[in-house]
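A.B. asks:
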Amino acid sequence: MRPFVENFPFFCIFLAILAGVLSAVIPKGRIAYQMTLCVSGIIAVLSALVLDYVFRNDLSFTYTMGRFIAPYGNAIKCGPLQALLAMAFSAVVAMSLMGGRRDLFHDVLPEKQRFYFTMVNLLEAGLLSLVYTNDVFTGYVFIEISTITACALVMAKDTGTNLIATIRYLFMSLLGSSLFLVGLTFLNSITGYLLMPSLSEAVQKVAASGEYQVPLTVAVGLIMAGLGIKSAMFPFHLWLPDAHGGATTASSAILSGLVLKGYIVLMMTLMIRVFTLDLMVEMGVTNVILIFGLLGMVFGSLGAIREYHVKRMLAYSSVAQIGYIFMGLGLGTTAGVVASCFHILVHACCKPLLFCCAGRLSAVSGHHRSLKNLRGSAYRDVGAGIGFTVGALSMIGIPLFGGFVSKLYFASASLPTNQTALTLFTIALSTVLNALYYVPALLAIWLKPSAEDEAAVLADATPDQLSFDRSFTTAATILTLAIFVLGIFYHPITSVIEAGVRLI
Amino acid sequence: MNNSSEKQNWRKRIVSWVDGDREPKDQTLFVMERRQPRFPRPSEEEREKREKSHLKKFFNWYPIAATIICVSLIGILMAAALSMPTFGQADNPINNEVSEHYLEHGEEETGSANAVTAMILSYRGFDTLGESCVLFLAVVSVMMLLLRDEKNTDEHDLQKMRSEDIIAEEHHDIILKQAARFLVPCIFLFAIYVLLNGETSPGGGFSGGTILGAGLILFSSAYGPGNMRMILTYETYSAVRTFGLVLYITLYGAYIFIGANNLPNYLEGMTLLIDLAVGLVVACTVYGFYAMFARGEI
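From first to last, the protein sequence lines stand for chains Z and X. Mapping of the first sequence onto the working numbering: position 353 corresponds to residue 353, and the numbering continues sequentially without gaps. Mapping of the second sequence onto the working numbering: position 100 corresponds to residue 604, and the numbering continues sequentially without gaps.
1) Can you confirm whether Asp595/X, when its beta carbon is compared against all beta carbons of chain Z, has any partner nearer than 8 Å?
2) Between Val790/X and chain Z, is the shortest Cβ-Cβ distance under 8 Å, so that the two count as touching?
3) Please go through the same chain and pick out, in chain order, the residues whose beta-carbon is closer than 6 Å to the beta-carbon of His237/Z, but skip the five residues on each side of it.
4) Among Ser96/Z, Asp103/Z, Pro449/Z and Gln204/Z, which has the Cα closest to the Cα of Ile254/Z?
5) Please compile the residues from chain X whose C-beta is within a distance smaller than 9 Å of the C-beta of Gly73/Z.
6) When you compare the CB of Asn7/Z with every CB in chain X, is at least one pair closer than 8 Å?
7) How many Å lie between Ser810/X and Phe142/Z at the Cα?
8) Say whether the stretch 202 to 216 of chain Z touches the stretch 136 to 151 of chain Z, bearing in mind that this needs 3 or more beta-carbon pairs closer than 8 Å, one atom from each stretch.
9) Leaving out five residues on either side along the sequence, give the residues of the same chain with a beta carbon under 7 Å from the beta carbon of Val285/Z.
10) Taking 8 Å as the CB-CB cut-off, is Asp490/X touching chain Z?
11) Tell whether a beta-carbon distance below 8 Å holds between Leu720/X and Tyr627/X.
12) Between Ile13/Z and Tyr169/Z, is the Cβ-Cβ spacing less than 8 Å?
13) Mark Gly230/Z as exposed unless 16 or more other C-beta atoms lie within 10 angstroms of its C-beta, in which case mark it buried.
14) Answer yes or no: does any C-beta atom of chain X fall closer than 8 Å to that of Leu405/Z?
15) Using 8 Å as the limit for Cβ to Cβ distance, is Phe489/Z near chain X?
16) In or out: Pro440/Z buried (at least 16 other Cβ within 10 Å) or exposed?
17) Which runs of the alpha helix (DSSP H), 4 residues or longer, sit entirely within the stretch 370 to 416 of chain Z?
18) What residues of chain Z sit near Met648/X, judged by a beta carbon separation below 7 Å?
19) Along the chain, which unbroken stretches of the beta strand (DSSP E) at least 3 residues long are found entirely within the stretch 418 to 460 of chain Z?
20) Compare the beta carbon distance of Lys351/Z and Leu314/Z with 8 Å and say whether it is the shorter of the two.
21) DSSP three-state call for Asp661/X: helix, strand or coil?
22) Between Tyr566/X and chain Z, is there a C-beta pair that is closer than 8 Å?
23) How would you call Glu307/Z, buried or exposed, if buried means at least 16 neighbouring beta carbons within 10 angstroms?
24) Pull out every residue of the stretch 59 to 72 of chain Z whose Cβ sits closer than 8 Å to any Cβ of chain X, in chain order.
25) Where do the N-terminal and C-terminal ends of the beta strand (DSSP E) with Tyr63/Z fall, by residue?
26) May I ask you to report which of helix, strand or coil DSSP gives Leu625/X?
27) Any idea what DSSP makes of Lys77/Z, helix, strand or coil?
28) From Gln593/X to Ser189/Z, what does the alpha carbon distance come to, in whole angstroms?
29) With a threshold of 16 other CB atoms inside 10 Å of the CB of Phe543/X, please say whether the residue is buried or exposed.
30) From Gly800/X, Ile753/X, Phe761/X and Ala798/X, pick the residue whose C-alpha is nearest to that of Leu777/X; which is it?
31) What would DSSP say about Leu641/X, mapped onto helix, strand or coil?
32) Taking its Cβ as the centre, do 16 or more other Cβ atoms sit within 10 Å of Asp506/Z, making it buried, or is it exposed?
33) Could you check whether Ser377/Z and Leu361/Z sit closer than 8 Å to each other, using their CB atoms as the reference points?
34) Compare the C-beta of Glu635/X against all C-beta atoms of chain Z and say whether one is closer than 8 Å.
35) Does the beta carbon of Leu720/X come closer than 8 Å to any beta carbon on chain Z?
36) Let me know if Leu433/Z comes out buried or exposed under the rule of 16 or more other beta-carbons within 10 Å of its beta-carbon.
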């Protein structure tokens with residue numbers, strides 16, 4: 001008889017699926033919204049209990065999904081890292097929904113709001129399963145779920161431009177999932193397993209014997225490329241600005257902050273648990289990831305500098321931040337992976353905060369999106385202005401904010417490797433580039449425009465958009481606090497992550 | 505004088521840098537959106553001309569790039585396939601203790617004689633649950649897009665649809681109707697047979713559900729949406745669909761809980777119920793796609 005707390009990861013996944021299915025028959029959008037918030041809250045609390053249990057006892061456990069033990073039946077595996085990520089992801093889902101609440105009910109038609117919440121709940125289930133899975137095929141199934149739900153979140157706003165963006169996103173995502181599936185097929189036919197522990201043993205045997213060297217390399221390449229496309233790794237990022245920049249605020253926040261991370265976490269799990277970092281370094285996969293990560297850091301920022309549309313700017317900035325995460329993975333050391341995990345958490349707090357604040361700032365400026373028309377908008381909703389400032393400063397990497405700590409960890413992780421100079425230089429360059437687009441944005445929102453410009457912008461804003469938005473302010477406050485916590489009290493969090501990577 | 509105007513110019517440029525000097529066009533083009541030069545602002549015609557030439561260039565390069573990528577991908581996959589284990593050999597890595605276990609102990613462990621059913625509903629049931637959710641989600645996203653609402657339908661469309669319905673009422677297709685009268689009951693009967701026998705013979709939830717859905721489609725196209733609504737309204741449809749999936753989730757959840765905690769197994773006959781639940785979900789998916797694409801309503 002296992003301890004009862006070990007059932008919680010499975011409860012979380014099933015609770016999210018059940019809530020998603022039930023939201024489809026709830027007639028009122030607002031009830032579905034409240035249910036989604038409740039479910040996310042419950043999942044966060046359950047995951048926190050699991051985290052406490054696994055971190056205290058310094059263990060990770062495998063939970064069989066059914067009566068049959070591995071390698072015959074499905075299984076999930078939970079350690080400190082998985083529990084931490086599950087907790088953070090579900091909390092951020094709730095915060096994003098709260099932050100984008102007003103835009104959400106404004107952008108999505110009343111009779112379709114319940115479908116929106118179906119998508120959100122099942123997306124959460126998909127993310128949790130991607131984090132917890134111990135079976136590569138389960139990974140694929142929940143990649144499919146995440147793909148469909150993510151596309152539907154973009155589509156929910158239902159304007160022409162959003163539909164085009166959705167189609168692009170769908171095609172790129174499907175390409176990614178099919179490459180992943182082909183890779184899995186190859187891997188399965190040279191090893192004969194799907195469950196990660198036995199797969200790992202078989203892969204080590206194949207790699208040592210050198211019998212199926214070509215299929216193994218191709219399989220690894222396809223799996224990495226597939227997940228890379230889905231998480232907007234640098235050369236495959238062109239779908240992202242349209243999809244994330246055009247969607248309704250809550251969708252942008254969830255997509256940028258979490259969905260990209262789900263695939264990265266799966267990639268990380270595969271790299272460590274199945275292929276092992278040594279084999280990855282030996283095959284040169286880490287070098288490729290490192291190069292693409294570094295390029296993404298620079299080109300994502302360059303793309304953001306060219307944008308005047310505040311949400312598209314934030315979307316390009318996500319490309320750069322994803323580049324950081326890939327850089328950490330590409331270093332091929334445990335320290336690099338720890339830094340990446342920490343950056344996943346930081347970005348999962350910053351980007352939803354920035355998107356929600358940008359949405360709110362543009363709502364108080366009559367839904368204008370250009371920085372020009374956002375001049376002085378921070379004074380119309382000071383909470384959003386402060387939130388945006390905190391998020392932007394954290395993204396640039398100012399001390400005391402979360403982003404600084406992850407940059408510090410990336411830099412110190414790069415020291416023992418051979419690529420120290422290149423990595424440090426790119427981090428410095430990317431920091432400058434980040435500042436080059438976040439500082440003008442900050443100046444723009446905090447500088448008062450001329451009176452007639454402001455009057456012209458305010459003419460488009462309705463009084464009810466200008467009124468105080470309680471749920472947004474709550475969400476922004478919590479996310480802001482989270483960024484400070486990550487930036488100041490980071491040591492306990494990194495020790496959890498270190499334990500998690502060790503026990504992955 | 506000269507100095508001050510230069511200073512003015514600098515100020516202006518910094519202000520425009522901070523602001524961004526134009527309202528961004530909120531549009532997604534085939535080609536990447538490009539920034540326009542700040543000074544001077546191009547006229548609308550010039551812009552259009554430039555966009556067109558960019559598009560033309562894009563379409564010149566697109567087939568070439570696509571061919572190169574496809575050919576190299578095909579090359580890589582072929583090379584990998586050539587060095588894979590030969591198909592159907594006895595000592596392939598795929599023929600290991602896992603597949604042996606499925607075939608030898610499948611019946612005694614799960615109670616279903618059909619090895620495929622044993623695998624998808626018992627051994628790897630969590631994946632199948634995920635797949636059922638994918639089906640459910642596919643219909644929900646199609647509904648999100650196509651279900652009639654004020655954004656995607658106007659009065660004109662409704663009028664057109666109504667007049668088409670009236671024409672279809674008046675000129676009904678005798679061959680189709682007579683054939684459907686004979687075929688629909690048979691199809692339903694066959695679907696129920698396949699659904700109930702999934703455990704012991706080839707078949708099960710997925711195939712039975714598809715047959716059931718096909719029967720519904722035939723009935724709907726032969727007798728029209730009016731008669732269809734007598735047996736299946738939108739409310740019934742969503743109730744059945746949700747009920748199927750919720751039944752599946754709760755049963756399977758209980759099954760996992762019992763299995764993982766080594767509790768005594770009270771759920772011997774579960775496979776049949778799960779099969780039926782999957783069947784309902786699949787049938788609703790198949791029919792839902794048809795109805796959404798045909799009329800935008802159930």
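Backbone N, C-alpha and C define an ideal beta-carbon position, used for all residues, glycine too. A quick note: this is a predicted structure, and the numbers were derived from the prediction, not measured.
C.D. replies: If we stick to the structure as given:
1) No - not a single Cβ of chain Z is within 8 Å of the one on Asp595/X.
2) Using a Cβ-Cβ cut-off of 8 Å, Val790/X does not count as an interface residue toward chain Z, since no Cβ of chain Z sits closer than that to its own.
3) Only Val319 meet the Cβ criterion.
4) Ranking the options by Cα distance to Ile254/Z, first place goes to Ser96/Z.
5) For Gly73/Z, the chain X residues whose Cβ falls inside 9 Å of its Cβ are Ser626, Tyr627, Arg628, Gly629, Phe630 and Gly763, in order along the chain.
6) Judged by the 8 Å Cβ criterion, Asn7/Z is in contact with chain X.
7) Any answer about residue 810/X is impossible in this case: the structure gives chain X only from 505 up to 802.
8) In short, these stretches do not touch, since the Cβ pair count stays below three.
9) The residues are Val220 and Met224.
10) For residue 490/X there is no data in the structure shown, the boundaries of chain X being 505 and 802.
11) No. Outside cutoff.
12) No, the Cβ-Cβ distance between Ile13/Z and Tyr169/Z is not below 8 Å.
13) Note on residue identity: the sequence assigns Lys, not Gly, to residue 230/Z. Taking all protein chains in view, the Cβ of Lys230/Z is crowded by 16 or more other Cβ atoms within 10 Å, so the residue is classified as buried.
14) Inspection of the sequence shows that residue 405/Z is occupied by Val rather than by Leu. Output row for Val405/Z: interface = no.
15) Between Phe489/Z and chain X, the shortest Cβ-Cβ separation is not below 8 Å.
16) Of the residues assessed, Pro440/Z falls on the buried side of the cut-off, its CB having 16 or more other CB atoms within 10 angstroms.
17) As far as the stretch 370 to 416 of chain Z is concerned, its whole alpha helix (DSSP H) runs of at least 4 residues are 382 to 396 and 402 to 414.
18) Ordered by position in chain Z, the residues that pass the 7 Å Cβ test against Met648/X are Lys112, Phe115, Ala152, Met155 and Ala156.
19) Runs found: none.
20) Yes. Within cutoff.
21) In this structure, Asp661/X counts as helix in the three-state DSSP scheme.
22) Using beta-carbon distances, Tyr566/X does not count as an interface residue toward chain Z, since no partner is under 8 Å.
23) Residue environment for Glu307/Z: buried (at least 16 other C-beta atoms within 10 angstroms of its C-beta).
24) Residues Tyr63, Thr64, Met65, Gly66, Arg67, Phe68, Pro71 and Tyr72.
25) Per DSSP, the unbroken beta strand (DSSP E) holding Tyr63/Z starts and ends at Phe61 to Thr64.
26) DSSP, read as helix, strand or coil, puts Leu625/X in helix.
27) The answer is strand: DSSP assigns Lys77/Z an E or B state.
28) So the alpha carbons of these two residues sit roughly 12 Å apart.
29) The predicted model places Phe543/X with a pLDDT of 49, which falls under 50 and marks its position as unreliable, so this point remains unresolved.
30) Of the candidates Gly800/X, Ile753/X, Phe761/X and Ala798/X, Ile753/X places its Cα closest to the Cα of Leu777/X.
31) Three-state result, Leu641/X: helix.
32) No information on residue 506/Z is available, as it lies outside the stretch 1 to 504 that chain Z covers here.
33) It is a contact, given that the beta carbons lie within the stated cut-off.
34) True, the Cβ-Cβ gap to chain Z drops below 8 Å.
35) Output row for Leu720/X: interface = no.
36) By the Cβ-count criterion, Leu433/Z is buried, with 16 or more other Cβ atoms from all chains shown falling within 10 Å of its own Cβ.
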